[in-house]
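Participant: Residue numbers (the numbering used here): 365 to 590.
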Ligand SMILES: NC(=O)c1ccc[n+]([C@@H]2O[C@H](COP(=O)([O-])OP(=O)(O)OC[C@H]3O[C@@H](n4cnc5c(N)ncnc54)[C@H](OP(=O)(O)O)[C@@H]3O)[C@@H](O)[C@H]2O)c1
């Protein structure tokens, strides 16, 4: 299995690199030129393609021959960075490749997610302030995911809850819609978010799905299991 990780130098990306190497996959990582040093500890074990993740020439080169592409979707700046990244991956990945994208619970595929007042306020106020400061454009991440949802590729959009650091608790559990009691704890270890992304590469049941995930040792997940 040859896997490309787009956004490999971030926190989620580095965990995904580790999980892929643990499975013996060949890894190609794309990250901004100034971030290449963050991948130094993997230097002998992966190929790094420096460049912006919305640079179509960079993505075309990086995904060539890959059986899977793991993409960290981040809506930095006002240049449509996330939708440019998603579009490049959709356009240039090999036809057979599994394409896995990361985002948050605020993304909805069919409008059937039920959000808490806290999450709605965070997205509305945080999103507005970030857009005014021209730092982050949440609408760009929405646009990126809409393009993925409309695609006939073998995609999975993994929607992460609030994240925390810490030891792995195992593969997160998931529900189709936010609002499902299973997800009530709203907490996932970042290392396990990465585990789910990598797991999705080989789980065909997740193709064309947008799972909302939560840590498998959280109270709501345990209550559901029992
Ligand atoms: N943080 C949360 O609580 C949370 C919750 C739910 C879902 N998620 C999702 O999880 C994924 C990872 O998010 P994360 O918060 O954990 O961050 P992360 O893994 O550290 O990833 C951040 C990414 O953004 C890049 N980046 C940072 N500044 C940038 C800039 N100015 N221009 C372009 N790229 C820039 C980083 O690249 P460099 O290494 O080059 O800086 C890195 O690839 C995202 O898809 C996010 O939507 C996050």
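Note that CB positions come from ideal geometry on N, CA and C, so glycine has one too.
Which residue or residues does DSSP assign as beta-bridge partners of residue 499?
Facilitator: For residue 499, which the question treats as bridged, DSSP gives no partner whatsoever.
Participant: Please check the pair residue 468 and residue 523, which I expect to be a contact at CB under 8 Å, by giving their CB distance rounded to whole angstroms.
Facilitator: 6 Å
Participant: Which residue wins for smallest C-alpha separation from residue 408, given the options 480, 423, 417, 381?
Facilitator: 381
Participant: Compute the distance between the beta-carbons of residue 511 and residue 447, then report whether it is under 8 Å.
Facilitator: A contact, by the Cβ cut-off of 8 Å.
Participant: My understanding is that residue 453 touches residue 423, with C-beta atoms under 8 Å, so please give their C-beta distance in whole angstroms.
Facilitator: Indeed they touch by this definition, with Cβ atoms about 6 Å apart.
Participant: Comparing the CB of residue 384 with every heavy atom of ligand 1, is any distance shorter than 7 Å?
Facilitator: no
Participant: For residue 398, tell me which candidate among 495, 564, 417 has the shortest Cα-Cα distance.
Facilitator: Comparing alpha carbon positions, the residue from 495, 564, 417 closest to residue 398 is 417.
Participant: Which whole-angstrom value is the C-beta distance of residue 436 and residue 371, which I expect to be below 8 Å?
Facilitator: 3 Å
Participant: Under a three-way DSSP split, which group does residue 532 fall into?
Facilitator: coil
Participant: Nearest to residue 365 by alpha carbon, out of 384, 543, 555, 561?
Facilitator: 384
Participant: Name the residue from 564, 547, 471 whose alpha carbon lies nearest to the alpha carbon of residue 588.
Facilitator: Of 564, 547, 471, the smallest CA-CA separation from residue 588 is found for 547.
Participant: For residue 449, which residues of its own chain have a beta-carbon under 6 Å away from its beta-carbon, when the five flanking residues on both sides are left out?
Facilitator: Answer for residue 449: 417, 418, listed in chain order.
Participant: Give the range of the alpha helix (DSSP H) segment to which residue 310 is assigned.
Facilitator: No answer is possible for residue 310: the residues shown for the chain start at 365 and end at 590.
Participant: Nearest chain D C-beta to residue 547 closer than 8 Å, yes or no?
Facilitator: This model lacks chain D altogether; it includes just one protein chain.
Participant: In chain order, what residues of the same chain lie with their CB nearer than 7 Å to the CB of residue 506, ignoring the 5 residues before and after it?
Facilitator: 471
Participant: Report back the beta-carbon spacing between residue 433 and residue 413 to the nearest angstrom; my notes put them in contact at under 8 Å.
Facilitator: Beta-carbon to beta-carbon, residue 433 and residue 413 are separated by about 12 Å, too far to satisfy the 8 Å threshold.
Participant: Compute every distance between the C-beta of residue 438 and the non-hydrogen atoms of ligand 1, then say whether any falls below 7 Å.
Facilitator: yes
Participant: Does the structure place the stretch 516–531 close enough to the stretch 570–584 that three or more beta carbon pairs sit under 8 Å?
Facilitator: yes
Participant: Can you tell me where the beta strand (DSSP E) holding residue 576 begins and where it ends?
Facilitator: 576–578
Participant: Could you check whether the Cβ of residue 526 sits closer than 7 Å to any heavy atom belonging to ligand 3?
Facilitator: With respect to ligand 3, the structure offers nothing, as its ligand set consists of ligand 1.
Participant: Identify whether residue 507 lies in helix, strand or coil by the three-state DSSP scheme.
Facilitator: Helix at residue 507.
Participant: Which same chain residues, not among the five before or five after residue 557, have their C-beta less than 8 Å away from its C-beta?
Facilitator: 376, 379, 466, 522, 524, 527, 536, 577
Participant: Rounded to a whole number of angstroms, what is the C-alpha to C-alpha distance between residue 367 and residue 386?
Facilitator: 13 Å
Participant: Do residue 519 and residue 451 have their CB atoms nearer than 8 Å?
Facilitator: no
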